[in-house]
Amino acid sequence: MVSRSLSSLHDAFVSMVASTKLVGLVVDMLGTDAFDVANEFNVPSYIYFPSTAMMLLFFLYLQELDRTVSCEYKDMVEPVRLPRDEIAKVVKCLMGSEEGKSVRNRMP
824 MVSRSLSSLH DAFVSMVAST KLVGLVVDML GTDAFDVANE FNVPSYIYFP STAMMLLFFL
884 YLQELDRTVS CEYKDMVEPV RLPRDEIAKV VKCLMGSEEG KSVRNRMP
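Per my numbering, the very first residue in the sequence shown carries number 824; after that it's consecutive.
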């Protein structure tokens, strides 16, 4: 669906660039085709991914899991167990506390 709109998005960029400084393009996970248009105008692009604290914790924990698991995830016998103490850190991070700064700094 997004690919059908790329020419209209391009025209909108042309119009906006003439009158204002574009600082970024934010799309959801299904709109990444629009990145090519943003790149053409040297506008940084970002994916907006709303998630729950548990999903954010899981994504952050994947880095650790990747370091410690020697097999493919699909071949794991035991379920993935998220460290409970990390949940509080993620919630504090989402709330903007100083204690969550270390978690925010680990985010890609």
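Each residue gets a CB set at the ideal place from its N, CA and C atoms; glycine is no exception.
Secondary structure note for V850: its beta strand (DSSP E) is the uninterrupted segment L848 to V850. For S868, there is no enclosing alpha helix (DSSP H); the residue is found in the beta strand (DSSP E) stretching over S868 to I870. Going by C-alpha positions, N862 is about 17 Å away from A841.
CA-to-CA, the gap between D834 and S828 works out to about 10 Å. Pairing L848 with V866 gives a Cβ-Cβ distance under 8 Å. For S842, the enclosing alpha helix (DSSP H) has its first and last residue at V825 to S842.
If you look at D859, you'll find it in the alpha helix (DSSP H) that goes F858 to E863.
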